[in-house]
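Structure first, commentary second.
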Amino acid sequence: MAMPETIDPSDGPITLVIFGASGDLTRRKLIPALASLHSKGRLPPNLNILGVARSDMGDAEFHTLLEEFLGGDGMSKPTPDQWAEFTSRIHYIHGDVTKAEDIAEVKRKLAEIEGDGRDGNRLYYLSLAPSLYQPAITGLGDAGMADDANCWRRLVVEKPFGTDLASARELNDIAHSVFREDQVFRIDHYLGKETVQNLLVFRFANAIFEPVWNRNYIDHVQITVSETLRIDERGEYYDQTGIMRDMFQNHLLQLLTLVAMEPPHAFEAEALRNEKVKVLSAIRRIHAEDVGRHAIPGQYRSYRDETGVSPDSETATYAALRLHVDNWRWQGVPFYLRSGKALRSKSTEIIIQFRNPPHMLFPLAEDEDIPANTLAIFVQPDEGFQLEFQTKTPEAGLQMRKAELEFHYHEAFSGQAIPDAYERLLLDALNGDASLFTRADEIEQAWGIVDPIIAGLDLPQAPRPYYYSEGSWGPVEADRFLGSDGRAWLQGGRAR
Ligand code: NDP
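In terms of our numbering, the sequence shown opens at residue 581 and continues consecutively.
The following block contains the structure:
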């Protein structure tokens, strides 16, 4: 992130090798993001792309396959000329990553693309099913394709990175047996979002927030990642995975670290990630037997009717969780996290609820309570911030009313589209900037936090998932959960 956004072409040829090139992620996200970068002139001129998958097809057929989702999700759609120019750099070879002879063919094809017998820089992107990460990595190692004596070689691994601490460690060990840690880029696309990065600018480029960003002024923090989508065709996968693995281990904990971290000494990958790891290590572990006191699991009503889902499934499609960060800054400040499928709206927001004034000067009715200040950080949609505070209602004695100060990206930077997270992340990986990627120890810490919660939810004494209606805000038990702490879920800074 701190690095320049253009790559020095004198570095020699660069090839982005996408394994799993005919899949959903490549077609919906990676290629549209690359095409968008190309049409904005932000890709290095010496970049080629090589797609690899088992399906047998030629370059032209592959290009046609990639056209469907161009320009989606706010990405710039290339003009026909730009697309023609871009596809002249996109190649395809069919191959199975589990077969050494196919990897050897990929190597041969790369030498052909790179030309002159030169060693080329390569970014290997594993856009594959997680079960194929290991054979792909070892295949690259066995073929000598990770060797970076004369050029750079990097590996991008998609989420999920492991399914628990043990499997994440195993995958890290495999990755480290072939690549050094500084060559490995683990994706959490939330970190590529502009507002998530702006949270760091907000916190660390403005002096006024830092003095109040602690237990003395903050009552609690809420982080909500809600989705309207059900599990669609992912029934079999989802039923094995559940919300804790799918959302909490990665996105929600990542957002928490950015809110809670200390200022890094520099805006650079290692400094930033050191601070994030410190937050994760400070999160109080929830013991499996205690999960019922700290977590509320939920399941949308029709979940068990979904294809691929067991008819008596107890997989949570929703969870609310209370975490504590045991350090000086955050002692006693609960972090409430919640996420779910089939909820009322799709949004990601962080709400900082400040404390009430220590002494209320102004007369309040007996049952009147004035809401404390809140700062809402909208990650999506309508990226921006909103600060709520009290004002005096004109000519109404000392009657108070809540008012808002708002900042919306689309208003402040009108005409400037917010780039898709994958645009940022692909460019950063090509630049070798790992700030927005997750480090091995960070992933392991995060699994160390959610593993006992997942185990605890399976124990007989744990609450069974509470049903909630599709289109609601989750089970009422999640409201009672906060209510029992004397708090309520806030929506865009407003209690719902
Ligand atoms: P898909 O199942 O749609 O695509 C898988 C790709 O892998 C296909 O191109 C398939 O093509 C190829 N493939 C399968 N087996 C092999 C093999 N043995 N050797 C070489 N290629 C193979 O998956 P997605 O694109 O949806 O997901 C890819 C990864 O990205 C997963 O890890 C997923 O968790 C992650 N991800 C996906 C997101 C999305 O939006 N889809 C979002 C976030 C993460 P063929 O059959 O021709 O070989």
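All residues carry an ideal CB built from backbone N, CA and C; glycine is no exception.
| Item | Value |
| --- | --- |
| Candidates E807, A684, A1042, M637, of which the one nearest H674 by Cα | M637 |
| Burial state of F993, where buried means 16 or more other Cβ atoms lie within 10 Å | exposed |
| Distance cut-off 7 Å: G920 Cβ against heavy atoms of the ligand NDP | no |
| For I1033 and P1040, the rounded distance between their alpha carbons | 13 Å |
| C-alpha gap between H831 and D696, whole angstroms | 43 Å |
| Supposed contact pair E855 and M841 - C-beta distance, whole angstroms, cut 8 Å | 4 Å |
| Euclidean distance between Cα positions of T586 and R622 | Because the pLDDT at T586 is just 48, under 50, the model does not fix this residue reliably, and the point stays unresolved. |
| F765 beta carbon less than 8 Å from that of L720 | no |
| Inter-residue Cα distance where the pair is A1014 and D762 | 8 Å |
| Rounded separation between L650 and P658 - CA only | 8 Å |
| 8 Å Cβ cutoff met for A716 and L706 | yes |
| Proximity below 8 Å, CB of E774 to CB of I957 | no |
| Three-state secondary structure assigned by DSSP to K982 | strand |
| At least three beta-carbon pairs within less than 8 Å, the stretch 888-905 to the stretch 818-826 | yes |
| Residues near G964 in its chain [Cβ-Cβ closer than 7 Å; skip 5 each side] | F958, E986, F987, H988, Y989 |
| N786 classed as buried or exposed, judged by whether at least 16 other C-beta atoms fall within 10 angstroms | exposed |
| Cβ-heavy atom distance, V686 to the ligand NDP, below 7 Å | no |
| Cβ shell of L712 (< 6 Å), same chain only, five flanking positions each side left out | V677 |
| Exposure label - A582; buried when at least 16 CB within 10 Å | In this prediction, A582 has a pLDDT of 39, which is less than 50 and means its spatial position is unreliable; what the coordinates show is noted afterwards. A582 should be labelled exposed. |
| Neighbourhood of A684 by C-beta distance below 8 Å, restricted to the same chain and skipping five residues each side | A723 |
| Under the three-state DSSP convention, the category R1076 falls into | Here the model assigns R1076 a pLDDT of 42, short of 50, so the residue's position is not dependable, and the following value carries that caveat. The answer is coil: DSSP assigns R1076 none of H, G, I, E or B. |
| Simplified DSSP state of L596, which is helix, strand or coil | strand |
| Distance cut-off 7 Å: R608 Cβ against heavy atoms of the ligand NDP | yes |
| Beta-carbon spacing of G878, G920 below 8 Å | yes |
| Entirely enclosed alpha helix (DSSP H) segments - the stretch 642-694, minimum 4 residues | 660-667, 680-694 |
| Unbroken alpha helix (DSSP H) run spanning N628, endpoints | From DSSP, N628 is part of no alpha helix (DSSP H) but of the beta strand (DSSP E) over 627-633. |
| When P660, E738, R865, V1030 are compared against S619, the one with the closest alpha-carbon | P660 |
| Rounded distance between the beta-carbons of I767 and V913, thought under 8 Å | Not a contact, Cβ separation roughly 30 Å. |
| Contacts around L771, its chain only, beta-carbon distance under 7 Å, and the 5 residues preceding and following it disregarded | Q834, L1016 |
| Closest residue to Y1048 among E848, Q970, L955, R810 (Cα-Cα distance) | R810 |
| First through last residue of the alpha helix (DSSP H) which encompasses Q714 | 713-722 |
| Cβ distance (whole Å) where W1027 is taken to contact L838 below 8 Å | Their Cβ separation, rounded to whole angstroms, is 19 Å, which puts W1027 and L838 out of contact at 8 Å. |
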